[in-house]
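Reading through the structure tokens given below for one structure.
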Amino acid sequence: MPEQNPWVWFGLAVGQIALVLIWILLSLAFLLLADRKIWAGVQMRKGPNMVGPFGLLQSFADFIKFVLKEIVIPDGVDKTVFMLAPLITFVLAFGAWAVIPLAPGWVVSDINVGVLYLFAISSLGVYGIIMGGWASNSKYPFLGSLRSAAQMVSYEVSIGFVIITVILLAGTLNLREIVELQAGGFWNWNFLGGGLKNLPLALIMIPMSVIFFISSLAETNRPPFDLPEAESELVAGYQVEYSSTPYLLFMIGEYANIVLMCALITILFFGGWQAPFPTPFTADWSPTLASFFGFLWFFAKLIFFFFLFAMAKAIVPRYRYDQLMRLGWKVFLPISLVAVAVVAGWRVYGGAVTG
Amino acid sequence: MGGRDKPGHDELGIGAGFQRLALQAIAFYLLAVVTVAAGFLVVSARNPVHSVLFLILAFFSAAGLFVLMGAEFLAMLLVVVYVGAVAVLFLFVVMMLDVDFAALRQGFARYMPIGGLIAGVLAVEMVVVATTVANTGAAAANDAPLPATDVTNAEAIGRVLYTDYVYFFQAAGLVLLVAMIGAIVLTLRHKPTVRRQVIADQVARSPRTGMRVVQIKPGQGIEE
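Okay, structure coming up:
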């Protein structure tokens, strides 16, 4: 590519960001519907089926309804912080997508510390919730936000350790490289230890991927860990006082985070855009076609994990708060800590090294 | 985001030196102004929760400055550790405190001189370090700026941290461990009256141990 004017680069980056944003928002609209449909299916209901064929336009109808409602700001709230909170949730949820490699070459910002960036952004997500709960000037939101903060901070620890095991396997913090190392078939994916030479590590990495999945349920406040919005105790937790567009921002941000977590599981453990079998035939294809082929795999895996999220919501009863904390600190943390030590030991003394 | 090792950006061809500098300068001044303003607002905000929020903003923009310098690893660690963990606990505590705002502002005039003095001393020290010491002092002797290789940030830090500074690193870890154990010792209390849930016991319960089948004769009730 010829030498480019940085302003042109700037414009290109903005265009890429807009493209990814539109893709996520469109996918979200249908994933949200899928979530409700799956939930309904488990409970032998039909789910939303009135707006459009099979209810396909339900999310858009909801969107219009949310936007057209009046924004109610309760008396005595801290207005700035109150309005800032949903914005922060929304912006952070979408900012994290900047480093997600969707397909070969399809990534907005291919930075060296991609994993850390994602970790940093997801650890910031708690602010939207705390600020919203505090600024609402009401007891239920406040209790909900305190619960949520404690929960997210706790589960971040085990998520961090699980991510470290993957980083140790891959030897890089760059998400694109992590995916590229898992090329050539499902036996090279990180949940099986990343390559046949590391196959004994599957004993560690399969439980790690499960821990990551469960922790991401807790991190995104999804059932069975949706205590921050436990409606039987806290009405709707930190978002009780929100209405209209601010509520919509909270909700979209939450779902964007869920899909982000699905993408992260896909990238870290299940090969990202890599097909589960060797794909030598794509070598002759044009780069765009090959990228699109990869993107389809990525999207399919992402949807599969979203399906698991939806199923967990439908079939698992809600945890009690002390059980949640016990699971995070007394079960996941020790297990993942031991796993980090074992994987590090394997990398130094064990079989062949991949990265 | 500027910085050294950005393969993605180089593919897009960040080149034209001067304009790139202009873009970086805009980013720098934006971040620097936000950092300083947020730092000032931390002190001057009337509501302590707002103070903490401004502190977080200051941390965050400082991380942005790190990224501009090409130290993206440090930037991310700053965000993960300080913003993601430490400041959350700050915010937690400040929110739960029942703060009397009037009482807080009472001592302002009394503490103003000593606070100003300390701030002045700190400012002078910072200027001295940034100008004289950096150019002539101990720092000038061993400032080996990293050669522009393909070594990433994380790798470069790891190479130094686990070799030259391994004792300091271990000592820092020990200090943190002691602090952690201290906090646990101070707060952990076993109350004998509190009934705790033992999940293993619950799971191990079987119908035989958990249930008793009795034949009740009419008019007699159950004997214990």
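Here the protein sequences come in this chain order: X and U. Numbering-wise, the numbering used here puts 544 at position 297 of the first sequence, and it's gapless, one number per residue. Numbering-wise, the numbering used here puts 139 at position 136 of the second sequence, and it's gapless, one number per residue. Built from N, CA and C at the ideal position, the CB exists for glycine as well. None of these values were measured; they are calculated from a predicted model.
Per-residue DSSP class, three states only, for residue i
i                 : result
Val-589 (chain X) : helix
Trp-576 (chain X) : helix
Trp-344 (chain X) : helix
Ser-401 (chain X) : helix
Trp-381 (chain X) : helix
Glu-466 (chain X) : helix
Leu-584 (chain X) : helix
Asn-296 (chain X) : coil
Ile-358 (chain X) : coil
Gln-475 (chain X) : What sits at residue 475 (chain X) in the sequence shown is Pro, not Gln. Note: Pro-475 (chain X) maps to helix in three-state DSSP.
Glu-501 (chain X) : helix
Glu-488 (chain X) : coil
Pro-10 (chain U)  : Because Pro-10 (chain U) carries a pLDDT of 42, less than 50, the predicted location of this residue cannot be relied on, and the following value inherits that uncertainty. Pro-10 (chain U) falls in the helix class under three-state DSSP.
Lys-220 (chain U) : coil
Gly-87 (chain U)  : helix
Tyr-568 (chain X) : helix
Leu-339 (chain X) : helix
Ala-66 (chain U)  : helix
Glu-112 (chain U) : As written in the sequence, residue 112 (chain U) is Ala, which differs from the Glu given in the question. Correct three-state label for Ala-112 (chain U): helix.
Tyr-168 (chain U) : coil
Ala-182 (chain U) : helix
Ala-30 (chain U)  : helix
Val-319 (chain X) : coil
Limits of the unbroken alpha helix (DSSP H) element including residue i
i                 : result
Asp-282 (chain X) : 253–289
Ser-538 (chain X) : 534–562
Arg-192 (chain U) : Careful: Arg-192 (chain U) lies outside any alpha helix (DSSP H) and carries neither H nor E.
Leu-420 (chain X) : Here Leu-420 (chain X) belongs to no alpha helix (DSSP H), and DSSP marks it neither H nor E.
Asn-445 (chain X) : Careful: Asn-445 (chain X) lies outside any alpha helix (DSSP H) and carries neither H nor E.
Asp-309 (chain X) : 305–315
Thr-135 (chain U) : No alpha helix (DSSP H) contains Thr-135 (chain U), which DSSP labels as neither H nor E.
Arg-211 (chain U) : 210–213
Met-72 (chain U)  : First-last for Met-72 (chain U): undefined, no H or E at that position.
Ile-160 (chain U) : 156–164
Ala-530 (chain X) : Careful: Ala-530 (chain X) lies outside any alpha helix (DSSP H) and carries neither H nor E.
Val-206 (chain U) : 202–207
Neighbour flag for residue i against chain U, beta carbons, 8 Å
i                 : result
Leu-279 (chain X) : no
Trp-381 (chain X) : yes
Asn-359 (chain X) : yes
Tyr-568 (chain X) : no
Tyr-364 (chain X) : yes
Val-338 (chain X) : no
Ala-417 (chain X) : no
Pro-471 (chain X) : no
Val-373 (chain X) : yes
Ser-370 (chain X) : yes
Leu-571 (chain X) : no
Ala-396 (chain X) : yes
Phe-329 (chain X) : no
Leu-511 (chain X) : no
Leu-549 (chain X) : no
Ile-377 (chain X) : yes
Gly-602 (chain X) : Model confidence at Gly-602 (chain X) stands at a pLDDT of 44, short of 50, so the residue's coordinates are unreliable and nothing is read from them.
is_contact[residue i, chain X] using C-beta, thresh 8 Å
i                 : result
Phe-62 (chain U)  : no
Ala-88 (chain U)  : yes
Phe-31 (chain U)  : no
Phe-76 (chain U)  : yes
Met-183 (chain U) : no
Val-83 (chain U)  : yes
Ala-157 (chain U) : yes
Met-98 (chain U)  : yes
Leu-15 (chain U)  : Unreliable placement is indicated for Leu-15 (chain U), whose pLDDT of 40 sits below 50; no coordinate value is reported for it.
Bridge partner(s) assigned by DSSP for residue i
i                 : result
Trp-353 (chain X) : X:Ala-350
Residue from the options whose Cα sits closest to the Cα of residue i
i                 : options                                       : result
Val-563 (chain X) : X:Val-267, X:Phe-438, X:Val-289 and X:Val-255 : X:Val-289
Arg-565 (chain X) : X:Phe-307, X:Glu-476, X:Gln-429 and X:Glu-501 : X:Glu-476
Val-585 (chain X) : X:Trp-436, X:Leu-393, X:Phe-528 and X:Met-455 : X:Met-455
Phe-310 (chain X) : X:Ser-383, X:Ser-491, X:Ile-514 and X:Phe-540 : X:Ser-491
Asn-435 (chain X) : X:Phe-516, X:Tyr-494 and X:Asn-359            : X:Phe-516
Arg-594 (chain X) : X:Gly-442, X:Phe-542 and X:Phe-460            : X:Gly-442
Lys-293 (chain X) : X:Gly-299, X:Pro-300 and X:Lys-284            : X:Lys-284
Pro-447 (chain X) : X:Trp-270, X:Gly-597, X:Gly-500 and X:Leu-507 : X:Gly-597
Asn-445 (chain X) : X:Trp-254, X:Leu-428 and X:Ala-557            : X:Leu-428
Val-39 (chain U)  : U:Gln-200, U:Arg-192, U:Ile-219 and U:Phe-63  : U:Phe-63
Val-96 (chain U)  : U:Gly-123, U:Ala-25, U:Val-55 and U:Thr-134   : U:Val-55
Short CB-CB distance (under 8 Å) between residue i and chain B
i                 : result
Ser-401 (chain X) : No chain B appears in this structure, whose protein chains are X and U.
Proximity test, residue i beta-carbon vs the ligand ATP heavy atom, cut-off 7 Å
i                 : result
Ala-186 (chain U) : The ligand ATP is not part of this structure, which contains no ligands at all.
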